[in-house]
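Participant:
Protein chains: 2
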Amino acid sequence: MMSVTIKDIAKAANVSYATVSRALSGHSEISDKTKKKIRKLAKEMGYTPNAIAKGLVTKNTKTLGFIVPDITNPFFPEVAQGVEDCANRNGYQVFLCNTSWKLEKEKQYLKALYGKRVDGIVVSPTSNDITHLVEADRNKVPVVFAAYRPAIADCNFVATDDYKSAEIAAEYLLKLGHRKIAYIGGQQESCTNKYRLKGYTDVLKKHDISLSPSYIKHGAFRQQSGYQLTKELLIANDVPTAILAGNDIIALGVIQAIEEFGLDVPNNISVVGFDDISFASLDKVQLTTVFQPKYTTGELCVEVLLQKIKDGDQNPTHKMLEPELVIRRTCKGI
Amino acid sequence: MMSVTIKDIAKAANVSYATVSRALSGHSEISDKTKKKIRKLAKEMGYTPNAIAKGLVTKNTKTLGFIVPDITNPFFPEVAQGVEDCANRNGYQVFLCNTSWKLEKEKQYLKALYGKRVDGIVVSPTSNDITHLVEADRNKVPVVFAAYRPAIADCNFVATDDYKSAEIAAEYLLKLGHRKIAYIGGQQESCTNKYRLKGYTDVLKKHDISLSPSYIKHGAFRQQSGYQLTKELLIANDVPTAILAGNDIIALGVIQAIEEFGLDVPNNISVVGFDDISFASLDKVQLTTVFQPKYTTGELCVEVLLQKIKDGDQNPTHKMLEPELVIRRTCKGI
DNA sequence: GCTAGAAATTAAAACGTTTGCGGCATTATG
DNA sequence: CATAATGCCGCAAACGTTTTAATTTCTAGC
């Protein structure tokens, strides 16, 4: 499995290997005749440029990293699609890394990506502990946060306004006449969760609705977690009339729990999620949720990343995207 | 953003850079004292080894590639999870590449991956045209096919027996009393589709049921495709009592179409899918389907890949996994 | 036919590692 | 004390490219 190198071609064509390099890359003065000859030869010999040797000298690898916490949540593949498409359009490839919500894995991947000298990293962090990512951005390689708004100011990010998303959802529920609204969140510490929780509580406060602490529960951004927490909620004596779920995946678990409990969605309890993953629109599901521009998020992340890479600009870029309520069939007036 | 190299450390420690290399990698004779000194220094200076320079000399990158046709189909993320976990356990990282069912992209990615000199590739091919993949396996880098059984004999693959899967599903439908069973497939040319189709037709033949050609339709492994083809099917005059869908995603589209048409699943038409993606078990969906060990597929793929990498064995390895019917609520006796 | 200048090509250094070989201390052996 | 063995470490080549500077070849004008 010995691969053919530029030197092999040079020998075969009886020229220096500098000439071969130029003939192949094209962006240097070289006669048409030799260029053609060499290219033909290269193809015949089955030459594939060694990107890693090239990376060593040019200092760029035309590679990006994308770190996601859960590839099993359809939200992230959609973002990934945007990341990938935009990267490809610009001649970049992407390393997709999945942390399974483990901080340790996130750190490992960060190190590995930098070790491979990727030109930039987009990351949807696993937790609120992002010091390693910030440090990397400052000293080693540009990073932009996807679907996450860091508490620290001088980071790049593109995110949907989670606070506003929650506001919209809560206001909608209130407009439907609900007063007893529970919140089943994901990881309590995560920024996404914090903003959504804040939007929810603020709206309730604004309408002078007292917050029952038993109505606020946290777990993980997973179906199982939504299911479990809702069970707990339903066993207690004061059952809410509506539930705001931390995201669509959680919402699916919430609904499952409600129906297993013998209650109906939306007749007994209304449910709204966040994200609008593709399965939310299934006829059988028809989940009311707050849409988040997933694909666009991915695209924009790469755009700002490439910008940073190109001009070395260290100033933080922030992009806030607009959420949108999409009303389907899991909510009902009271 | 100048990164610190082994030479910088050597200078600081006042030793040769060979010594630094040895101190860091550890697997060479070196005194404990200098080893400690150098490691401490390296940490202080924020050294991250340049994996690409290392790869250039050692000829291996500790990196695998995984090419999938559609990251948006939950089937693949689950396989990817298995691939990743097993790779990580063995000190490898994986490049996840998504072709969006485009052969051209598959070829591009293959070239890019080889350019980056990944140590091995696992691929779920986009089409039945796999010559480029086979060629790569023979001359450049070991590749194993995931969830795909090539027509050519001397390839590595780990797949679930698609023929058997279809047999199981068809037999089940027959046992329920169905005689008018349609098949809504994915890409007609794909191997997966061919085996499933064959299993289906063979079973019907065995039971002396004549195959209506209008009952067999092909499109893509996508929800939209299943939806569209089912619409066509329902408009025709001879409506089937059961539909075998090419996979779960298609099945979801099939069900959508049936219900939009004013019919009920399973009361008017039974539906069964393949794969058992996580959403199939949702309370609202409860899709009867044929389970395929997705995570295991991923794991096994990298196991055989690593084996090939380690001992350079060129003999093809085949692994067939067992499907399993999981009965839920989209089928009914007649 | 000469020469200036442009065009095409080559030589060689550089990128950041690993590693085989050789050399020098240090210790063990006789 | 001389020698052999051992343990550490340095030198330098190698990996496959790109690229700058130098050199050769070509073209054209006189």
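Protein sequences, first through last, are from chains A and B. The numbering used here puts the first residue of the first sequence at 1, with every later residue one more than the last. The numbering used here puts the first residue of the second sequence at 1001, with every later residue one more than the last. A virtual CB, placed ideally from N, CA and C, is assigned to each residue, including glycine.
Using the C-alpha atoms, what's the distance from Phe1145 of chain B back to Pro1074 of chain B?
Facilitator: 18 Å
Participant: So, are the CB atoms of Val143 of chain A and Ile168 of chain A less than 8 Å apart?
Facilitator: With contacts defined by Cβ atoms closer than 8 Å, Val143 of chain A and Ile168 of chain A do not form a contacting pair.
Participant: With a cut-off of 8 Å on the beta carbons, I'd call Pro316 of chain A and Asn60 of chain A a contact; round off their distance for me.
Facilitator: At roughly 22 Å, the Cβ-Cβ gap does not stay under 8 Å, so Pro316 of chain A and Asn60 of chain A are not in contact.
Participant: Under 8 Å, CB to CB, which of the residues in the segment 140–153 of chain A have a partner in chain B?
Facilitator: Lys140 and Val141
Participant: Determine the direct distance from the alpha carbon of Leu204 of chain A to that of Ala170 of chain A, and round the result to whole angstroms.
Facilitator: 8 Å
Participant: If the cut-off is 8 Å on Cβ atoms, which residues from the segment 1051–1063 of chain B count as contacting chain A, listed in chain order?
Facilitator: Ala1051, Ile1052, Ala1053, Gly1055, Leu1056, Thr1061 and Thr1063
Participant: Which of the three DSSP states, helix, strand or coil, is assigned to Ala1080 of chain B?
Facilitator: helix
Participant: How is Val1097 of chain B classed by DSSP in three states: helix, strand or coil?
Facilitator: Rather than Val, the amino acid found at residue 1097 of chain B in this sequence is Cys. Reduced to three states, the DSSP call for Cys1097 of chain B is strand.
Participant: Quick one: measure Cβ to Cβ for Thr1288 of chain B and Thr1330 of chain B, integer angstroms, because I've assumed they're closer than 8 Å.
Facilitator: Thr1288 of chain B to Thr1330 of chain B, Cβ: 5 Å. Contact.
Participant: Quick one: using the 10 Å Cβ neighbour count with 16 as the cut-off for buried, is Lys116 of chain A buried or exposed?
Facilitator: Here Lys116 of chain A is buried: its Cβ has 16 or more other Cβ atoms, across all protein chains shown, within 10 Å.
Participant: Going by the DSSP bridge assignment, what does Tyr1183 of chain B pair with across the sheet?
Facilitator: B:Ile1216 and B:Leu1244
Participant: Give me the residue from A:Thr192, A:Tyr195, A:Gly298 and A:Ile9 with the minimum Cα distance to Met45 of chain A.
Facilitator: It is A:Ile9.
Participant: Met1002 of chain B by DSSP, collapsed to three states: which one?
Facilitator: coil
Participant: Which residues in the same chain have their Cβ closer than 6 Å to the Cβ of Ser28 of chain A, if we skip the five residues on either side of it in sequence?
Facilitator: Closer than 6 Å at the Cβ level, and outside the excluded window around Ser28 of chain A, lie Arg22.
Participant: Which of the residues in the segment 1212–1231 of chain B, read from start to end, lie with their CB under 9 Å from any CB of chain A?
Facilitator: Listed in chain order, the positions of the segment 1212–1231 of chain B with a beta carbon within less than 9 Å of a beta carbon of chain A are Gln1223.
Participant: Which chain A residues are close to Leu1252 of chain B, counting only those with a beta carbon under 7 Å from its beta carbon?
Facilitator: Leu282
Participant: Within 10 Å of its beta-carbon, does Glu189 of chain A have 16 or more other beta-carbons around it, so buried, or fewer, so exposed?
Facilitator: exposed
Participant: Do the CB positions of Val1290 of chain B and Ser1165 of chain B come within less than 8 Å of each other?
Facilitator: yes
Participant: Do you know offhand how far Val1141 of chain B's Cα is from Val1326 of chain B's?
Facilitator: 38 Å
Participant: What does the alpha-carbon distance come out to for the pair Thr1019 of chain B and Pro1049 of chain B?
Facilitator: 14 Å
Participant: In whole angstroms, give me the CA-to-CA distance for Thr160 of chain A and Leu321 of chain A.
Facilitator: Looking at the two C-alpha atoms, the distance is approximately 4 Å.
Participant: In angstroms with no decimal places, state the Cα-to-Cα distance between Thr1099 of chain B and Asn88 of chain A.
Facilitator: 11 Å
Participant: Identify whether Asn1193 of chain B lies in helix, strand or coil by the three-state DSSP scheme.
Facilitator: helix
Participant: Can you tell which of A:Ala42, A:Ser25, A:Thr58 and A:Phe221 has the C-alpha that lies nearest to the C-alpha of Ser3 of chain A?
Facilitator: When each option's Cα is compared against that of Ser3 of chain A, the closest is A:Ala42.
Participant: Spatial neighbours of Gly82 of chain A within its chain, please: CB distance less than 6 Å, with the 5 preceding and 5 following residues excluded, ordered by chain position.
Facilitator: Tyr295, Gly298 and Glu299
Participant: Quick one: which chain A residues come within Cβ less than 7 Å of Pro1049 of chain B?
Facilitator: Gly115
Participant: Would you list the residues sitting across from Ile1121 of chain B in a DSSP beta bridge?
Facilitator: Beta bridge pairing from DSSP links Ile1121 of chain B with B:Gly1065 and B:Val1143.
Participant: Specify, as a first and last residue, the run of the alpha helix (DSSP H) that Asp1208 of chain B falls within.
Facilitator: Element bounds for Asp1208 of chain B: n/a, residue is neither H nor E.
Participant: Using a threshold of 8 Å, state whether the C-beta atoms of Asn1128 of chain B and Gly1186 of chain B are closer than that.
Facilitator: no
Participant: Assign Phe274 of chain A to one of three DSSP states: helix, strand, or coil.
Facilitator: Correct three-state label for Phe274 of chain A: strand.
Participant: Just list the alpha helix (DSSP H) runs in the segment 1014–1058 of chain B, keeping only unbroken ones of 4 residues or longer that don't cross its boundaries, in chain order.
Facilitator: 1017–1025, 1032–1045 and 1051–1058
Participant: So, for Cys301 of chain A: in the same chain, excluding its five sequence neighbours on each side, which residues have a beta-carbon less than 7 Å away from its beta-carbon?
Facilitator: Val83, Val122, Val144, Ala146 and Val158
Participant: From Leu1234 of chain B to Tyr1172 of chain B, what distance separates their C-alpha atoms?
Facilitator: 23 Å
Participant: Classify Ile334 of chain A: buried if its beta carbon has 16 or more other beta carbons within 10 angstroms, exposed otherwise.
Facilitator: Counting Cβ neighbours within 10 Å, Ile334 of chain A comes out exposed, since fewer than 16 surround it.
Participant: Between Gly1273 of chain B and Ile1250 of chain B, is the Cβ-Cβ spacing less than 8 Å?
Facilitator: yes
Participant: Using only alpha-carbon positions, find the residue among A:Phe279, A:Lys206 and A:Thr72 that is nearest to Arg222 of chain A.
Facilitator: A:Thr72
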